[in-house]
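Participant: One structure, pasted below without further comment.
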Amino acid sequence: MRRSRMPALGEATMDKVKVYLLLVLIGGCISLSCQTKNNELLDYSSVELDNSALVNFENCASEVAFIPLVAPKDSLINLSCRVFELVVTDKIYYANKCVNDLSIHSFDLAGNHLKSWNRKGDGPGEYPSLHGMIVEKDDLYINTGRGTLLKYQLPQFDLKQEITLGDYGFVPTVSLLSPENFLIASEPVRNVGNQVFHAVNVETKTSKTLPIATLPYSGELNPGMITKMQNGHLLSFGLSDTIYQFIDDSVSTFIHLNFGEKGMLPADFELSGEAFMENVLLSQNYAFNTGQIDFTEGVTKVLVYGIERSPNFSSEDLITFPFFEVFIHRDTGKKKITKSLLGFRNQSYSKDGYFYQVMQPSDWQRALDIGYFGSHENKLLETVEQLTDREDPIIVTYKVVF
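Numbering (my numbering), first residue to last: 20 to 421.
Set out below in C-alpha cells:
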C-alpha cells in the first residue's frame, strides 16, 4: 500500500495551535501557584518522570489489536473527522463532531456498523451541538456544552429527558455519577480566581464546587479533564503537576508529577507572550502535563510534553513536537513512557484494562511509515485491508503491563 507522512500544518492552522498551546501553558503555570497550598494538606504519591522510563510502543503495550470502523458500502456515512467522541461499552459509539455533521454511529466490538443517528438541530428532540457523550445501559447522554444534557433512549434514539446542569456558561466536560448526579468542568472566567470542577445534583438543583483552585487562563481552550476510576473520578487540567481524585464527595491528591530538573522555574512564570512561548514550549527545556488523562484497572495515563527533546523539532510541524504518553501504576510506583503517535490530539477511552485510541487515516499511515507499532505492524496492515474506505479511522486497543 502507499505510505505517506502526515502533511505539515499550514501557517494559519499553526498560528491557531500556537495560541492554543500558549493559553494552556499560561493557565497551567498560573495554576501551579495554587497547588502547593493544596498539596500541603494532602497525602499523595509522587512520581518522578524522566527519560529513564522511555521505551518504544512495542515494549510498552501488550495485547495490541486494531479495530476497523467499517461503514456500509455505497453509504454516505462519513467517519473521517479529527474532532470526535468515542465511547466503548458492549458496543462502540463514535461521534463525528465536525460542525456540518454531528452524526453518531454504533458498531459492534469488531467494528461492523450497526446503526447511525443524526438529530442535529434546534428543534424538539434535537441537539444543537455535541461536546461529549455518555452511554449508560440503554441511555445515551449528549452534552450540548450549554449547561444542558439531552438523554436519549437507545436504540430508537427517542428523547427521554432534557437535563439542566445549572448556570455555568460553557460546560465542556461532564461525567455521570448517578442518574441525578453529575461531575462537571465549567469554562474558567478570565481575570478572576476559578474553581472549575463542580458536583451537581439535578434533582435537588444543588451543587458543590470542588476545592481545586486555579487562576486566570488556567483552562483556556484546555478545560478541566475528568476520567472514571473504580471507586471515583480523576481530575486534571493543563500544566497541573497534580492529578486529583474525587471519591465519596471529597477531593484529595492522587499523584504528584515530578519533572525534576525539567520542571518549571518560578522566574518563567513571569514571562508572557512570545517570550514565554520561546522559553517554555519551543526551547524544549521543560516538561509538563498537558491535562489529558485516562485510567483503567490501576493504570493512569497522562499526556506530557518534553520528557525528551525531539531531534527533528520544527515549530511548523506539530508532529515533531515532543509529546509522550505516560502510564503510571500508582500502587507500585512503576511507570512506562512512550512517544505519542497522536500528539495533543491523543484522546483515549478505556474499559476493562484496555485503552482505546482512534487513528485517522493520516495517523495509521504515519504509524506504518515510521514503524511505530513494531512487530504489530502486520496486524495493522491486515486491518487496513478490511476498510471499505481508506479514509475511515482505525481504533488501536492495548493493555499496559508493568
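All C-beta atoms, glycine included, are put in the ideal place defined by N, C-alpha and C. Source: prediction; values computed, not measured.
Whole angstroms is fine: what's the gap from T272's alpha carbon to L337's?
Facilitator: Within the sequence shown, residue 272 is the residue found at index 253, counting from 1. Within the sequence shown, residue 337 is the residue found at index 318, counting from 1. In a straight line, the C-alpha of T272 is about 32 Å away from that of L337.
Participant: Name the one or two DSSP bridge partners that M296 has.
Facilitator: On the sequence shown, position 277 is the one that residue 296 refers to. Answer is none; M296 lacks a bridge partner.
Participant: Does the contact criterion of 3 or more C-beta pairs under 8 Å hold for the region 172-179 versus the region 197-205?
Facilitator: With a cut-off of 8 Å, the region 197-205 and the region 172-179 do not count as touching, because too few Cβ pairs lie within range.
Participant: Check this for me: beta carbons of L121 and Y113, under 8 Å apart or not?
Facilitator: Position 102 of the sequence shown, counting from 1, holds the residue named residue 121. Position 94 of the sequence shown, counting from 1, holds the residue named residue 113. The answer is no: Cβ separation not under 8 Å.
Participant: Hey, is the region 382-398 in contact with the region 315-327, meaning 3+ C-beta pairs nearer than 8 Å?
Facilitator: They do not touch, by the three-pair rule.
Participant: Which of the three DSSP states, helix, strand or coil, is assigned to S329?
Facilitator: Walking along the sequence shown from the start, residue 329 turns up at place 310. Coil, per DSSP.
Participant: Counting only runs that start and end within the region 73-99, where is the beta strand (DSSP E) found for 3 or more residues in a row?
Facilitator: You should have 80-87.
Participant: Nearest chain C C-beta to N397 closer than 8 Å, yes or no?
Facilitator: Although the question refers to chain C, the structure presented lacks it and comprises just one protein chain.
Participant: Just to confirm, is the Cβ distance from F256 to L68 under 8 Å?
Facilitator: Against the sequence shown, residue 256 aligns to sequence position 237. Against the sequence shown, residue 68 aligns to sequence position 49. For F256 and L68, no; Cβs fall outside 8 Å.
Participant: Where do the N-terminal and C-terminal ends of the alpha helix (DSSP H) with L400 fall, by residue?
Facilitator: In the sequence shown, the residue the question calls residue 400 occupies position 381. Per DSSP, L400 belongs to the alpha helix (DSSP H) from E396 to V403.
Participant: Considering G322, what are the terminal residues of the beta strand (DSSP E) in which it resides?
Facilitator: The residue you call residue 322 lines up with position 303 of the sequence shown. Gly is not the amino acid found at residue 322; the sequence shown has Leu there. Residues V318 to Y324.
Participant: Got a sec, what are the start and stop residues for the beta strand (DSSP E) A114 sits in?
Facilitator: Taking the first residue of the sequence shown as 1, we reach residue 114 at position 95. Unbroken beta strand (DSSP E) run through A114: I111 to N115.
Participant: Using a threshold of 8 Å, state whether the C-beta atoms of D268 and A218 are closer than that.
Facilitator: Walking along the sequence shown from the start, residue 268 turns up at place 249. Walking along the sequence shown from the start, residue 218 turns up at place 199. Cβ distance < 8 Å, so D268 and A218 count as in contact.
Participant: Determine which residues share a DSSP beta bridge with K370 and list them.
Facilitator: The residue given as residue 370 occupies position 351 in the sequence shown. Beta-bridge pairing links K370 to Y373.
Participant: Taking only the alpha-carbon atoms, compute the straight-line gap between M248 and Q264 and give it to the nearest angstrom.
Facilitator: Mapped onto the sequence shown, residue 248 falls at position 229. Mapped onto the sequence shown, residue 264 falls at position 245. Going by the C-alpha atoms only, they are around 9 Å apart.
Participant: Please report the straight-line C-alpha distance between A84 and R409, rounded to a whole angstrom.
Facilitator: Along the sequence shown, one-based indexing puts residue 84 at 65. Along the sequence shown, one-based indexing puts residue 409 at 390. Roughly 18 Å between the two C-alpha positions.
Participant: Spell out the partners DSSP gives D120 in its beta bridges.
Facilitator: Taking the sequence shown and counting its residues from 1, one reaches residue 120 at position 101. D120 pairs with nothing; no bridge assigned.
Participant: Is D177 helix, strand or coil when you go by DSSP?
Facilitator: The residue you call residue 177 lines up with position 158 of the sequence shown. It is a strand residue.
Participant: Does the beta-carbon distance from V89 to N115 come in below 8 Å?
Facilitator: Here residue 89 corresponds to residue number 70 of the sequence shown, with the count starting at 1. Here residue 115 corresponds to residue number 96 of the sequence shown, with the count starting at 1. No, they are not a contact pair.
Participant: Taking just the CA atoms, how far does V377 sit from L169?
Facilitator: For this step, residue 169 is matched to residue 150 along the sequence shown. For this step, residue 377 is matched to residue 358 along the sequence shown. Between L169 and V377, the C-alpha separation is close to 25 Å.
Participant: So, with DSSP's three-state summary, where would you put I182?
Facilitator: Sequence index remark: in the sequence shown, residue 182 carries index 163 (1-based). Looking at I182 - three-state DSSP - the assignment turns out to be strand.
Participant: Pull up the distance between the alpha-carbon of I312 and that of L399, whole angstroms please.
Facilitator: Locating residue 312 in the sequence shown gives position 293, where the first residue counts as 1. Locating residue 399 in the sequence shown gives position 380, where the first residue counts as 1. Spanning the two alpha carbons is a distance of roughly 25 Å.
Participant: What's the gap between the Cα of I356 and the Cα of F307?
Facilitator: By 1-based counting over the sequence shown, the position of residue 356 is 337. By 1-based counting over the sequence shown, the position of residue 307 is 288. Rounded to the nearest angstrom, the two C-alpha atoms are 14 Å apart.
Participant: Kindly indicate which three-state DSSP category I231 falls into: helix, strand or coil?
Facilitator: By one-based count along the sequence shown, residue 231 stands at place 212. If DSSP states are grouped into helix, strand and coil, I231 belongs with coil.
Participant: By alpha-carbon positions, which one of N298, S65, F216 and T402 ends up nearest to L253?
Facilitator: Translated into the one-based positions of the sequence shown, residue 253 becomes position 234. With distances taken between Cα atoms, L253 lies closest to F216.
Participant: Could you tell me if I424 is buried or exposed, where buried requires 16 or more neighbouring beta carbons within 10 angstroms of its beta carbon?
Facilitator: In the structure as shown, the chain starts at 20 and stops at 421, and residue 424 therefore has no counterpart that could be examined.
Participant: Roughly how many angstroms separate the alpha carbons of P235 and Q214, rounded to a whole number?
Facilitator: As a first step, residue 235 is located in the sequence shown; it is residue number 216 there, counting from the start. As a first step, residue 214 is located in the sequence shown; it is residue number 195 there, counting from the start. Residue placement at P235 cannot be trusted, given a pLDDT of 43 that sits under 50; the coordinates are not used to answer.
Participant: Only counting the same chain, and skipping five residues up and downstream in sequence, which positions put a Cβ closer than 6 Å to that of I111?
Facilitator: Taking the first residue of the sequence shown as position 1, residue 111 is located at position 92. Result list for I111: F126, in chain order.
Participant: Quick one: what's got a C-beta closer than 7 Å to G151's C-beta in the same chain, skipping five residues either side?
Facilitator: Indexing the sequence shown from 1 puts residue 151 at position 132. Closer than 7 Å at Cβ, skipping near neighbours: E104, N162, T192 and V193.
Participant: Our contact map puts S65 next to H348 with C-beta atoms below 8 Å; I'd like the distance itself, whole angstroms only.
Facilitator: For the purposes of this step, residue 65 is taken as the residue at position 46 of the sequence shown. For the purposes of this step, residue 348 is taken as the residue at position 329 of the sequence shown. Actually they do not touch by this definition, with Cβ atoms about 14 Å apart.
Participant: Suppose the cutoff is 7 Å on Cβ atoms and the five residues either side in sequence are ignored; what does the same chain contact list for D350 look like?
Facilitator: Taking the sequence shown and counting its residues from 1, one reaches residue 350 at position 331. G317, listed in sequence order.
Participant: Quick one: Cα of A80 to Cα of S333, how far?
Facilitator: Taking the first residue of the sequence shown as 1, we reach residue 80 at position 61. Taking the first residue of the sequence shown as 1, we reach residue 333 at position 314. C-alpha separation (whole angstroms): 28 Å.
Participant: Could you tell me the alpha carbon to alpha carbon distance between P412 and A286, rounded to whole angstroms?
Facilitator: One-based indexing of the sequence shown puts residue 412 at position 393. One-based indexing of the sequence shown puts residue 286 at position 267. Going from the Cα of P412 to the Cα of A286 covers about 44 Å.
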